[in-house]
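Encoded as structure tokens, the structure appears first; notes follow it.
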Amino acid sequence: MANLSNQTLAGLNGKLPIPAYRLAEQKPQIGIVHLGPGAFFRGHQAWYTEQALQFGGDWAISAVSMRSPDVSQALSPQDGLYTLAVLDAVQSYQVIGSVQEVLIASEQYGQVLARLTAASTKYVTMTITEKGYCLNGSGKLDLNHSQIQQDLSGSGQPITAIGLLFTALAARYQANIAPFCVISCDNLTDNGHKLRNALIAFAEQKDPTIANWLSQQLISPCTMVDSITPATDDAIKAQVAEVLGVQDNWPIKREAFVQWVIEDILPADRPAWQQAGVIYAQDVTAFEKAKLRLLNAPHSTLAYVGCLLGYETVFDAMQDEVLTQFIQQMISDEIMPSFTPPAELDVKQYSNDILARFRNPAIRHLLAQIAWDGSQKLPMRILPAISDNLATGKPIDKLAFAIAVWCRFIVKRYSDNEKLVDPLAEQLLAVAAQCSGNADTDVALFLAVDAVFPAELSLNKTFFSAVHTAYQQLVSRPAAALAAFTGVV
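Per my numbering, the very first residue in the sequence shown carries number 1; after that it's consecutive.
Spelled out as structure tokens, the structure:
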């Protein structure tokens, strides 16, 4: 079977949407460099740019991997083309052509630097994971990081994304070319500001003149991204081959829901991302808060309740009508009233979309995996809503139930002698070892973990009472407790 490529693309017309611009005499030129061409990028930013290219412009993408050759080996023989399978009630397929080339920085450094320094490159987008930014605990560039120190020394080619971008920006400065706009697309709060500050901090160590130039001219918007992209498996490769009639080395699959919010500070010369559904917002943090509360808080709650009730995946848990009803009530009665959503977001539609995502049978999202790192997630996802509701006299019973369920989840992990994946695992299991099933003492022990619960919450009598009530009912009969809190007789 022939491979997907520019040569076989025309033969696919009519079978599924294809990048017709690839068949035109005048093809889009590269205007975007992307660092970190993993599955999420190919299902998200590359898809948005694919849609934008239908409206014209030189916005093709040069995808750059810092070290791994895997994506290049798969996609270079295919001229960067790959298939996106959208997992919904009815599965759909589309050939993505926005990625024009895939380079490996460690092996093709000259080509990568040429792309980054070209005046035609206006944007650099990034999905390099949080650790790729080399930040310290306070969110600033870690100047003591061994790889940052190596890049600062100037010995050899850069090995970090920050070092690579600085080298390219310095070359643009020397050539009197304006900086490219850098867009972090990683799940990192305040990502644009942190990236911008990291680049300026690096520049200050190397050349204060360039640091000053960057502080005046570098644009780095904050963003929020969202979509689930499960790992590619042999089944999806076989499905794609059957639909296309050609072989695709590395198709990508993702859920139907996709979201990209960008702080509205981009230059006027930009891809037609807005036509593809990108939201330009004055305040991205408001969207982050909406995501944390309306998506992540119910997701974690579903995980802990689902694990206690013996379910394996989010889809499985959503087949439980009582649990689904509880999640819906938690969102409408306690989460929505806890904050003011951004004006650009239809909060009811967003909540309905979230519940539809949870019910997607094509996405096997393991509850046990979502339950990881609860000590880090609860203070971000659930506790702020509780604090805000307490301050305004709004209900917290269902949110407190989520906290009680987390406590019972840890106790069960301890009693079943199962691994607890959490940075505070040792401390939390030690608490669980002291638990007897008595809500008075057990809840007090958990709320005393100050790395999770701030004093203003742990000492709040209303909060303690709400967690205590839920915990007491959960000890003996989790399913009955859930029904009671949902109002199901």
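All C-beta atoms in this analysis are idealised placements derived from N, C-alpha and C, irrespective of residue type, glycine included. Model, not experiment: these values are computed from the prediction.
Under 9 Å, do residue 383 and residue 337 count as touching if we go by C-beta distance?
-> no
Using a threshold of 9 Å, state whether the C-beta atoms of residue 224 and residue 284 are closer than that.
-> yes
Consult DSSP for residue 254 and reduce its assignment to one of helix, strand or coil.
-> strand
Give the secondary structure of residue 490 by DSSP, where H, G and I count as helix, E and B as strand, and everything else as coil.
-> For the chain, the structure presents residues 1 to 489; residue 490 sits outside this window and is missing.
Distance, Cα to Cα, residue 376 vs residue 450?
-> 12 Å
Are residue 511 and residue 313 close, meaning C-beta to C-beta below 9 Å?
-> This structure leaves residue 511 out entirely; the chain is present only between 1 and 489.
Going by the CB atoms, is the gap between residue 229 and residue 255 shorter than 9 Å?
-> yes
Among residues of its own chain, excluding the 5 on either side of residue 168, which ones have a beta-carbon nearer than 7 Å to its beta-carbon?
-> 113, 116, 117
Which one of 179, 192, 193, 202 has the shortest CA to CA distance from residue 148?
-> 202
Return the chain-ordered ranges of every alpha helix (DSSP H) run that is complete within the segment 75 to 163 and spans a minimum of 4 residues.
-> 109 to 117, 146 to 153
For residue 34, which of helix, strand or coil comes out of DSSP?
-> strand
If you draw a straight line from the alpha carbon of residue 279 to that of residue 262, how long is it in whole angstroms?
-> 6 Å
Residue environment, residue 265, which counts as buried when at least 16 other CB atoms sit within 10 Å | exposed
Simplified DSSP state of residue 317, which is helix, strand or coil | helix
For residue 106, I'd like the list of residues in its chain whose CB is within less than 7 Å of its CB, leaving aside the five on either flank, ordered along the chain.
-> 66, 67
Residue 47 versus residue 370 - alpha carbon distance = 26 Å
Can you say whether residue 77 is buried or exposed, counting buried as having 16 or more other CB atoms within 10 angstroms of its CB?
-> exposed
Would you list, in sequence order, the uninterrupted beta strand (DSSP E) runs of no fewer than 3 residues that lie entirely inside the segment 188 to 226?
-> 223 to 226
Taking residue 42 and residue 252 to be in contact with their CB atoms under 8 Å, please state how far apart those CB atoms are, rounded to whole angstroms.
-> 5 Å
Considering only the beta carbon of each residue, do residue 49 and residue 271 sit closer than 9 Å?
-> yes
For the candidate residues 292, 205, 187, whose alpha-carbon lies nearest to that of residue 162?
-> 205
State the start and end residues of the unbroken beta strand (DSSP E) segment that holds residue 62.
-> 60 to 65
For residue 3, does the three-state DSSP call read helix, strand or coil?
-> strand
CB-CB under 6 Å to residue 432, same chain, minus the five flanking residues each way: which ones, in chain order?
-> 410, 411, 414
Three-state secondary structure (DSSP) at residue 372?
-> coil
Straight-line CA distance for residue 481 to residue 474?
-> 6 Å
Using DSSP with H/G/I as helix, E/B as strand and the rest coil, what is residue 307?
-> helix
Measuring CA to CA, which of 150, 425, 391 is closest to residue 462?
-> 391
Span of the alpha helix (DSSP H), counted from its first residue to its last, around residue 47 | 45 to 53
If we ignore side chains and look at the alpha-carbon of each, how far apart do residue 36 and residue 150 end up?
-> 21 Å
Provide the residue(s) that pair with residue 281 in DSSP beta bridges, ordered along the chain.
-> 263
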